[in-house]
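Each residue of the sequence shown is one higher than the last, beginning at 5 in this note's numbering. Don't be surprised by glycine CBs; every beta carbon is placed ideally from N, CA and C. All of these numbers come straight from a predicted model, not from anything done at the bench. I have placed the structure first, in the form of structure tokens, so that the comments after it can refer back to it.
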Amino acid sequence: MTAVTSGWRRAWTDALDALEVDVERVEALLAEDHRARDLPLATPWSPPEGLGELPLDLRPRADAILNRQLAAAQALALAMVANRRQSEMAARIEAGDEPRRPAYLDCAI
């Protein structure tokens, strides 16, 4: 491997490492959601300047990271929907916004 090829490959390996760290953080948040308040927000990833094309032998790793990111994003969306539903239910219970229903109906009359 030439020095240029080695540097190009190393740059891509570093970029994929950064993406993998981000997706691992999201997966950890999903696994231990109670710790979410303690962790800083992730900054959006952008490729380093002058990176060039992805080496073909790193494509499977990049695809795997992308698939994990998509799965983590879907899991986050589902968790947010569930959280919103739970919050709405709790608000109705606390505020009493449910329509009143009779507790007892006398059918003897």
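Bounding residues of the alpha helix (DSSP H) (the contiguous stretch that carries Leu33) = Ala7 to Ala35
Burial state of Trp49, where buried means 16 or more other Cβ atoms lie within 10 Å = exposed
key: From Trp16, Val27, Pro52 and Met93, residue whose alpha carbon lies closest to that of Leu74   = Val27
ask   = Does the Cβ of Ala112 have 16 or more other Cβ atoms within 10 Å, making it buried, or fewer, making it exposed?
value = exposed
request  = Measure the alpha-carbon distance for Val30 versus Ala83 and round it to whole angstroms.
outcome  = 12 Å
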